[in-house]
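Sequence lines, in order, name chains L and E.
Heads up: the first sequence begins at 483 in the working numbering, then just goes up one per residue.
Heads up: the second sequence begins at 28 in the working numbering, then just goes up one per residue.
Glycine included, each C-beta is placed from N, C-alpha and C at the ideal position.
Just below is one structure, and these are the notes that go with it.
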Amino acid sequence: MTLRFLAAVAAVATAASAAAAGPLTMTTRMMIEKRVTAADGSTATQLVPANKAVPGDRITVVLAYRNTGTAPIGSLVLANPVPRNVLYRGSAAGSQTPELSIDGKTFGTLAELRVTTPQGATRAATASDVTHVRWRLSSPVAAGQGGELAFQAVLK
Amino acid sequence: MSALGARRLLLTGTVTLASIGTAQAQSTTGTTAGTTIVNTANATYTVNGTAATAQSNTASFVVDRKVNLTVISTQTSPTQVNLGQSGAVTTFQVTNNTNGTQDFLLSANQLIPNGVLTGTDNFDIANLKIYVDSNNNGVYDPGVDTASFIDELPADGRATVFIVGDIPTSPLASMAQVGLDATVAAGGAAGTQGAALIATPLNTLNQDTEIDVVFADDDNDGVLGYDTVRNGQGWAYGVYEVGTHSVNLSVTKTATVISDGVSTINPKALPGAIVQYCLTATNATALTPASGVNLTDVIPANTTYVPGSITVGGIGTGGACLVNGFAQNDDGSQALGPYTGSFNGSNKTVTATIPTLLGGTSVAASFRVKIN
Chain L
483 MTLRFLAAVA AVATAASAAA AGPLTMTTRM MIEKRVTAAD GSTATQLVPA
533 NKAVPGDRIT VVLAYRNTGT APIGSLVLAN PVPRNVLYRG SAAGSQTPEL
583 SIDGKTFGTL AELRVTTPQG ATRAATASDV THVRWRLSSP VAAGQGGELA
633 FQAVLK
Chain E
28 MSALGARRLL LTGTVTLASI GTAQAQSTTG TTAGTTIVNT ANATYTVNGT
78 AATAQSNTAS FVVDRKVNLT VISTQTSPTQ VNLGQSGAVT TFQVTNNTNG
128 TQDFLLSANQ LIPNGVLTGT DNFDIANLKI YVDSNNNGVY DPGVDTASFI
178 DELPADGRAT VFIVGDIPTS PLASMAQVGL DATVAAGGAA GTQGAALIAT
228 PLNTLNQDTE IDVVFADDDN DGVLGYDTVR NGQGWAYGVY EVGTHSVNLS
278 VTKTATVISD GVSTINPKAL PGAIVQYCLT ATNATALTPA SGVNLTDVIP
328 ANTTYVPGSI TVGGIGTGGA CLVNGFAQND DGSQALGPYT GSFNGSNKTV
378 TATIPTLLGG TSVAASFRVK IN
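Structure, rendered in structure tokens:
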């Protein structure tokens, strides 16, 4: 699978940016919120890998990135299209707030985005309209440095 | 429903499937079990001024089967039956609230715990059969609705189920309660009954690429009923009520010559004589009224009906047919009093109608003819 992935990326990128071998590595994982009952009867929420997931479950999509090269990485923009059958719900605690888009082209906050209805009118966007999320890091990532970004969603 | 109306419903966030009509637009059961959810992230950046892109791995998981169903009785009142009736029907509806196409196994139970329904169950229906409505008309069509399990019901789909049975003839029978149990079963093979689903144990390790079964159904028949939470089954209950009892109704008929135009006493049956016929209807069953009692009599050959001679009233004494009689109109229209009468000249039939004949009472009707 890795080889096929490399060939596909090489077809669109220049030689200088053979992505898999590049200095930026990204790892994504999806976690499910699970309610766990402790011995004393109280319930706590745990994040577990998404193995058993049914419609309505709350998902946290996590993206970890790291600069494995020697030079700093600048102007880093990380984008995550919202998966099919998943609805965006908000940014995760402890993560930078993402910019949102309903069409993949224009990014902003929910209040700034407008959705065109089938009748031709426009209305304010809701969380369920979001199709892409994006984080723009303001400062360069030094060699060896990395971070984690996440957003919350729900399985339709 | 108009497009504008549908948009308003979607915007308010509460969706009622029934009013939208079809299940495709917005499902209440969610993503179909077995769907793979994938996530890939990508990035753009610069290193030493040179632009580059990167892509993450693809994370994925399989959506599991969230099992739920709704079983209800669709009747607002018991099915009214007669003693000895066969093929009496109670009607139910099963809705598939699972995120996948499922079969449903059906079984019935006539032993219903006290208190689940009002009333006292004192008979069982015989020859109990369960059938699924095959033509979606909500009515049991014998010979047409023959399936005994629900086959391949899609997510959000509904099926109508009938319990059919025979009513005994014993007059002591008055109410029967029946319960319908629907069990969620595996779908996928049209025409074949699937096996009942078993919940995947919670301690099973990483089942990433398999579809687990999670029971999410609530107990929908309360503390007293048979159902329990999250068992992949649903129950509903129906009632048969014996509504019609027969009464002991009898009619006696007498004839009296009223006058013969010649004799002063003891008139004889001579040509030209007037004869009075007296019909007495008796309801011998105490406490049970009979309604719509119709007395009919064809006038004898060689006689002519005396117009306007129909009277209906209480039982008479001392030779009189009736007392407190109400004269009736020959054309059947309502005259003074609660009764109606009519004479049909073409088939020479006298009819007297008593709307209600109370239990243990008698009512008499009389009419006169002239011997030709």
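Supposed contact pair residue j and residue i - C-beta distance, whole angstroms, cut 8 Å
i, j, result
"E:Thr344", "E:Val205", "E:Thr344 to E:Val205, Cβ: 53 Å. No contact."
"E:Asp244", "E:Asn95", "5 Å"
"E:Ile398", "E:Thr330", "6 Å"
"E:Val108", "E:Tyr267", "5 Å"
"E:Asp168", "E:Ala203", "Incorrect: roughly 23 Å between the Cβ atoms, too far for contact."
"E:Ala311", "E:Val302", "Not quite, the Cβ-Cβ distance comes to about 28 Å (not below 8 Å), so this is no contact."
"L:Pro537", "E:Gly57", "2 Å"
"L:Asp539", "L:Ile514", "5 Å"
"E:Thr71", "E:Thr85", "In fact, because the Cβ distance is near 19 Å, the residues do not count as touching under 8 Å."
Minimum Cβ-Cβ distance from residue i to chain L less than 9 Å
i, result
"E:Gln82", "yes"
"E:Ile225", "no"
"E:Leu36", "A caution first: E:Leu36 carries a pLDDT of 38, below 50, which makes its placement in the model unreliable, though a value can still be read off. Answer no: the Cβ-Cβ gap between E:Leu36 and chain L never drops below 9 Å."
"E:Gly259", "no"
"E:Lys156", "no"
"E:Asn123", "no"
"E:Gly184", "no"
"E:Asp244", "no"
"E:Asn66", "yes"
"E:Asn126", "yes"
"E:Gly57", "yes"
"E:Ala263", "no"
"E:Ala50", "Summary for E:Ala50: the model assigns pLDDT 36, below 50, so the residue's position carries little reliability; its value from the coordinates is reported in the next sentence. For E:Ala50, the answer is no, since every Cβ of chain L falls outside 9 Å of its Cβ."
"E:Val89", "yes"
"E:Val74", "yes"
"E:Thr97", "no"
"E:Val241", "yes"
"E:Ala79", "yes"
"E:Gln234", "Confidence in E:Gln234 is poor, its pLDDT being 48 and thus under 50, which makes the residue's placement unreliable; the coordinate value appears in the next sentence. Yes, contact with chain L."
"E:Ala213", "no"
"E:Thr71", "yes"
"E:Thr62", "yes"
"E:Ala200", "no"
"E:Thr383", "no"
Proximity test, Cβ basis, 9 Å: residue i and chain E
i, result
"L:Ala561", "yes"
"L:Ser620", "no"
"L:Gly628", "no"
"L:Pro580", "no"
"L:Val612", "no"
"L:Leu592", "no"
"L:Gly576", "no"
"L:Ser583", "no"
"L:Lys534", "yes"
"L:Ser557", "yes"
"L:Tyr547", "yes"
"L:Thr509", "yes"
"L:Val543", "yes"
"L:Gly586", "no"
"L:Val431", "Not covered by the structure: residue 431 of chain L. The range shown for chain L is 483 to 638."
"L:Leu506", "yes"
"L:Ala553", "yes"
"L:Leu637", "yes"
Residues that residue i bridges to, as DSSP identifies them
i, result
"E:Gly335", "Beta-bridge pairing links E:Gly335 to no other residue."
"E:Tyr72", "E:Ala79"
"E:Val362", "Just to set this straight, residue 362 of chain E is Ala in the shown sequence, not Val. Paired residue(s): none; E:Ala362 is not in a bridge."
"E:Ile177", "E:Phe131"
"E:Val390", "E:Ala308"
"E:Ser318", "E:Thr383"
"L:Leu582", "L:Gly590 and L:Val615"
"E:Leu96", "E:Asn123"
"L:Asn562", "L:Val615"
Beta strand (DSSP E) segment containing residue i, residue limits
i, result
"E:Tyr167", "Premise fails: E:Tyr167 is in no beta strand (DSSP E) and is neither H nor E."
"L:Ala606", "Thr604 to Ala606"
"E:Val12", "As displayed, chain E neither begins before 28 nor continues past 399, which places residue 12 of chain E out of reach and without an answer."
"L:Leu631", "Gly628 to Leu637"
Any non-hydrogen atom of the ligand NAP closer than 8 Å to residue i Cβ
i, result
"E:Val188", "No copy of the ligand NAP occurs in the structure displayed, which carries no ligand at all."
Residue i: contacting residues in chain C (beta-carbon distance under 8 Å)
i, result
"E:Ala153", "Judged by its chain identifiers, the structure shown contains no chain C, and its protein chains are L and E."
Indicate whether the contact test is met: 3 or more Cβ pairs, each with one atom in the stretch 177-184 of chain E and one in the stretch 197-204 of chain E, closer than 8 Å.
-> At 8 Å Cβ cutoff, the stretches do not touch.
Contact between the stretch 375-384 of chain E and the stretch 319-328 of chain E: three or more CB pairs below 8 Å?
-> The stretch 375-384 of chain E makes contact with the stretch 319-328 of chain E; the number of CB pairs closer than 8 Å reaches 3 or more.
Are there three or more Cβ pairs, one per stretch, closer than 8 Å when the stretch 621-633 of chain L is compared with the stretch 538-549 of chain L?
-> Touching, per the Cβ criterion.
Cβ contact check for the stretch 55-64 of chain E and the stretch 113-129 of chain E: 3 or more pairs under 8 Å | Output reads yes: the stretch 113-129 of chain E touches the stretch 55-64 of chain E.
Are there three or more Cβ pairs, one per stretch, closer than 8 Å when the stretch 95-104 of chain E is compared with the stretch 599-606 of chain L?
-> Inter-segment contact for the stretch 95-104 of chain E and the stretch 599-606 of chain L is absent: fewer than three beta-carbon pairs are separated by less than 8 Å.
Would you say the stretch 323-338 of chain E touches the stretch 369-378 of chain E, given that touching needs at least three Cβ pairs under 8 Å?
-> Below 8 Å, enough C-beta pairs join the stretch 323-338 of chain E and the stretch 369-378 of chain E to call them touching: three or more.
Quick check: the stretch 275-292 of chain E against the stretch 217-227 of chain E, are there 3 or more CB pairs under 8 Å?
-> Too few Cβ pairs lie closer than 8 Å, so no.
Is the stretch 160-174 of chain E close to the stretch 184-193 of chain E, with three or more CB pairs under 8 Å?
-> Taking 8 Å as the limit for Cβ pairs, the verdict is that the stretch 184-193 of chain E does touch the stretch 160-174 of chain E.
At least three beta-carbon pairs within less than 8 Å, the stretch 212-219 of chain E to the stretch 246-255 of chain E | Counting Cβ pairs under 8 Å, fewer than three are found: no touch.
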